[in-house]
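This report concerns only the one structure given below.
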Amino acid sequence: MKALLEVQDLDVYYGGIQALRGISLKVPENQIVALIGCNGAGKTTTLRAISGMLKASRGSIRFAGEQIKGLRSHQIVARGMAHAPEGRGIFLNLTVGENLELGAYLRKDRESVAKDLETGYRLFPILFERKSQIAGTLSGGEQQMLSVARALMSRPKLLLLDEPSLGLAPQVVEKIFSVLKDIHKTGITLLLVEQNAHKALRIAHHAYVLETGSVVMQGTGAELLASPEVRKAYLGD
Amino acid sequence: MKLLKNFLPFLIGIPILWGIQLISPPHIAIILVNVGVNIILAVSLNVVNGFTGQFSIGHAGFMAAGAYTTAKITLALQDTLLPGLSPWLSTQTIFLMALVAGMLLSGTMGLLVGMPSLRLRGDYLAIVTLGFNEIIRVFIENIRWLGGATGLSGVPPYTTLVWVGLGAIATISMARRLVSSTHGRALLAIREDEIAAEAMGVNTTKYKIRAFVISSAFAGLGGGLLGHYILLVTPKTFTFIKSMEVVGMVVLGGMGSISGSIISATLLTVLLEGLRGLDQYRMVMYALLLVILMLTRPTGLFGTHEIWDVLSRYFPKRKAVQKA
Numbered sequence: 001m002k003a004l005l006e007v008q009d010l011d012v013y014y015g016g017i018q019a020l021r022g023i024s025l026k027v028p029e030n031q032i033v034a035l036i037g038c039n040g041a042g043k044t045t046t047l048r049a050i051s052g053m054l055k056a057s058r059g060s061i062r063f064a065g066e067q068i069k070g071l072r073s074h075q076i077v078a079r080g081m082a083h084a085p086e087g088r089g090i091f092l093n094l095t096v097g098e099n100l101e102l103g104a105y106l107r108k109d110r111e112s113v114a115k116d117l118e119t120g121y122r123l124f125p126i127l128f129e130r131k132s133q134i135a136g137t138l139s140g141g142e143q144q145m146l147s148v149a150r151a152l153m154s155r156p157k158l159l160l161l162d163e164p165s166l167g168l169a170p171q172v173v174e175k176i177f178s179v180l181k182d183i184h185k186t187g188i189t190l191l192l193v194e195q196n197a198h199k200a201l202r203i204a205h206h207a208y209v210l211e212t213g214s215v216v217m218q219g220t221g222a223e224l225l226a227s228p229e230v231r232k233a234y235l236g237d
Numbered sequence: 001m002k003l004l005k006n007f008l009p010f011l012i013g014i015p016i017l018w019g020i021q022l023i024s025p026p027h028i029a030i031i032l033v034n035v036g037v038n039i040i041l042a043v044s045l046n047v048v049n050g051f052t053g054q055f056s057i058g059h060a061g062f063m064a065a066g067a068y069t070t071a072k073i074t075l076a077l078q079d080t081l082l083p084g085l086s087p088w089l090s091t092q093t094i095f096l097m098a099l100v101a102g103m104l105l106s107g108t109m110g111l112l113v114g115m116p117s118l119r120l121r122g123d124y125l126a127i128v129t130l131g132f133n134e135i136i137r138v139f140i141e142n143i144r145w146l147g148g149a150t151g152l153s154g155v156p157p158y159t160t161l162v163w164v165g166l167g168a169i170a171t172i173s174m175a176r177r178l179v180s181s182t183h184g185r186a187l188l189a190i191r192e193d194e195i196a197a198e199a200m201g202v203n204t205t206k207y208k209i210r211a212f213v214i215s216s217a218f219a220g221l222g223g224g225l226l227g228h229y230i231l232l233v234t235p236k237t238f239t240f241i242k243s244m245e246v247v248g249m250v251v252l253g254g255m256g257s258i259s260g261s262i263i264s265a266t267l268l269t270v271l272l273e274g275l276r277g278l279d280q281y282r283m284v285m286y287a288l289l290l291v292i293l294m295l296t297r298p299t300g301l302f303g304t305h306e307i308w309d310v311l312s313r314y315f316p317k318r319k320a321v322q323k324a
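First to last, the protein sequences are chains A and B.
Taking our numbering, the leading residue of the first sequence gets 1, the next gets one more, and so forth.
Taking our numbering, the leading residue of the second sequence gets 1, the next gets one more, and so forth.
Encoded structure:
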């Protein structure tokens, strides 16, 4: 299977502290891959290193066959990778519509941007209702939807999602995950970071378990769900 | 048609400014010129501090770069007559070119200061610009060619109310156009959340540097105009105090509001003049008023709103016509 993203032996330091110790992972095209693990395991750091927000000191990151390690975020976005950052990272003082327009910042073809805007509003009808509302006045769940919808506006091949379920009510989490499945059906590859291991493993084709900066286990979503270690450590059995 | 629209403010502005210049007595004219220069400074600083969300506190340094460049050129070409032009037109042309040269130099300074410091996030820019402001002042004080600590005197009196008014109009229309362009969107995104802006594909460093260069160039314009009105360009005019005065105007008017900057620059300038009678208590009163205003309105007079947006809400018809 062709890997859209291939990370090898990635090391990242925060000053003198090593956060990632030789992380390697593969995201095959058209799949959902999940990274799970506790707080501080390095999930967010991995995503940030992939999307160029953090500098990796060692290792390689290949995206669609091209080495992207060392490129800056905006260059990586231009190559077809979108990152919906942790804590949503939406522009709180701008309207919902303006947020979405900024998601398509690098695209020049206005007609297809307008079409994608419609698609976004179809995925999240609530955003359409609130399109001229200031984003800071949205509820947490709506902000998360906006963050995902905005990331989609760059028409990415690969979407990185950092804890889309963080701080949301169970019902809203259900909704978000069902939309993630819809997004995957449209042919977008997903790399998902989650604390909610149960939910993540249920939709993931493949998953990696991170602990203190290294991959300690990997397998298909179903395998990990069945694994006694994972059940004990992350699923509360 | 579009070209006409761009020049419309200038075409309307010239006769009005001319009229004001004719009827205003000298002591009023001085205040008006100061108001105009401060509008140029405040609006241009707002591009960096308000719209891009960076914090520059060295605007006076860029003013100095512009003022000295412009003054050096006009002093050298004082007795030159451009061929084929009447004496009046010749001096005006020389002055215009000198001002543009001043803007180019201060813009270049902005590039040199901005490139290393704007790569970083956070307060580095504030420290670097503060340092730059002091460096350029001390540098000038020690260069005899630039007049040292006494500065350049005998600067020709080219600046008029019309010149300052046109400078202010140019600055305001630059800022308005910048903010409403895709460029402006990128700047707002940087202000709101730099990491998210980068994740949207905005080259944050590039845009921050661009905004900073534009802002510095217009600070140079303000400096050049001021120098040719007070007929003296000295390092003392361009101290850190001057920079803070401009920062005060931007903060008071509202970070990210062009009309806020215009109004607060006008108010503060007039206020400082009006308080002249209080003698030594003048600065105390000034500081006190600033403190009270910031306590009662922490987002500044206008926040991020614009007076023209508020007006169009009350006159919805006009807005509809504009859009069509």
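Cβ coordinates follow ideal geometry from the N, Cα and C atoms, glycine included.
Whole-number beta carbon distance between residue j and residue i, since they are thought to touch under 8 Å
i, j, result
"L285 of chain A", "T44 of chain A", "Any question about residue 285 of chain A goes unanswered here, given that chain A covers just 1 to 237."
"A71 of chain B", "L161 of chain B", "The pair is not a contact, with the Cβ atoms about 19 Å apart (cut-off 8 Å)."
"P156 of chain A", "A82 of chain A", "4 Å"
Cβ shell of residue i (< 6 Å), same chain only, five flanking positions each side left out
i, result
"T69 of chain B", "A101, G102 and L105"
"I68 of chain A", "I61 and I76"
"R48 of chain A", "L54"
"A60 of chain B", "N133, F238, K242 and S243"
"S336 of chain B", "Because chain B in this structure spans residues 1 to 324, residue 336 of chain B falls outside the shown range and cannot be described."
"A324 of chain B", "Confidence at A324 of chain B is low in this model, with a pLDDT of 33, below 50, so the placement of that residue should be treated as unreliable; the coordinate-derived value is given next. Cβ neighbours of A324 of chain B beyond the five flanking positions: none."
"H205 of chain A", "Q31 and I32"
"A67 of chain B", "G223, G224, G227 and V233"
"A189 of chain B", "A197 and V202"
Assigned exposure category for residue i - 16 Cβ within 10 Å defines buried
i, result
"I23 of chain B", "exposed"
"W308 of chain B", "exposed"
"M153 of chain A", "buried"
"V138 of chain B", "exposed"
"S132 of chain A", "exposed"
"Y281 of chain B", "exposed"
"W145 of chain B", "exposed"
"A320 of chain B", "Here the model assigns A320 of chain B a pLDDT of 41, short of 50, so the residue's position is not dependable and the matter cannot be decided."
"K108 of chain A", "exposed"
"S178 of chain A", "exposed"
"H27 of chain B", "exposed"
Distance CB(residue i)-CB(residue j) smaller than 9 Å
i, j, result
"V230 of chain A", "I36 of chain A", "yes"
"F218 of chain B", "I136 of chain B", "no"
"V209 of chain A", "D162 of chain A", "no"
"A170 of chain B", "P235 of chain B", "no"
"E192 of chain B", "S257 of chain B", "no"
"L225 of chain B", "L99 of chain B", "yes"
"E98 of chain A", "R185 of chain B", "yes"
"D9 of chain A", "S24 of chain A", "yes"
"A65 of chain B", "S216 of chain B", "yes"
"G103 of chain A", "M200 of chain B", "yes"
"L125 of chain B", "G114 of chain B", "yes"
"H74 of chain A", "V202 of chain B", "yes"
"L93 of chain A", "G136 of chain A", "Here the sequence assigns Asn to residue 93 of chain A, which means Leu is not the residue at that position. Closer than 9 Å, so yes."
"L71 of chain A", "G42 of chain A", "no"
"L221 of chain B", "V47 of chain B", "no"
"A151 of chain A", "L138 of chain A", "no"
"L252 of chain B", "G300 of chain B", "yes"
"I209 of chain B", "L178 of chain B", "no"
"T74 of chain B", "Y207 of chain B", "no"
"Y286 of chain B", "L267 of chain B", "no"
"L32 of chain B", "I20 of chain B", "yes"
"S56 of chain B", "F240 of chain B", "no"
"M109 of chain B", "F62 of chain B", "yes"
Sequence-distant residues of the same chain with beta carbon closer than 8 Å to residue i, five excluded per side
i, result
"L225 of chain A", "H198, L201, R202, R231 and L235"
"L127 of chain A", "V96, L100, G120, Y121, E142, M145, L146 and A149"
"T205 of chain B", "L118 and R119"
"R176 of chain B", "I258"
Cutoff 9 Å: residue i Cβ touching any chain C Cβ
i, result
"R72 of chain A", "You won't find chain C in this structure, because its protein chains are A and B."
Neighbourhood of residue i by C-beta distance below 7 Å, restricted to the same chain and skipping five residues each side
i, result
"E29 of chain A", "K2, L4 and T189"
"N34 of chain B", "T269"
"R318 of chain B", "Because the pLDDT at R318 of chain B is just 44, under 50, the model does not fix this residue reliably, and the value given afterwards should be weighed accordingly. For R318 of chain B, where only same-chain residues beyond five positions count, the Cβ hits under 7 Å are S312."
"G13 of chain B", "G165, L166 and I169"
"G253 of chain A", "Since the first residue of chain A shown is 1 and the last is 237, residue 253 of chain A is not available in this structure."
"M249 of chain B", "N38, A42, S261, S264, A265 and L268"
"E194 of chain B", "R121 and T204"
Query raised in the report: Hey, which unbroken runs of the alpha helix (DSSP H) at 4 residues or more fall wholly within the region 82-142 of chain A?
Result: 96-103, 110-123 and 125-129
Requested in this report: Output the residue ranges of the alpha helix (DSSP H) runs that lie fully inside the region 53-80 of chain A and measure 4 residues or longer, sorted by chain position.
Outcome: 73-78
**Report entry** Unbroken stretches of the alpha helix (DSSP H), 4 residues or longer, contained in the region 139-202 of chain A
**Finding:** 140-152 and 170-185
**Report entry** Whole alpha helix (DSSP H) elements within the region 156-235 of chain B, 4-residue minimum
**Finding:** 161-180, 182-192, 194-199 and 204-230
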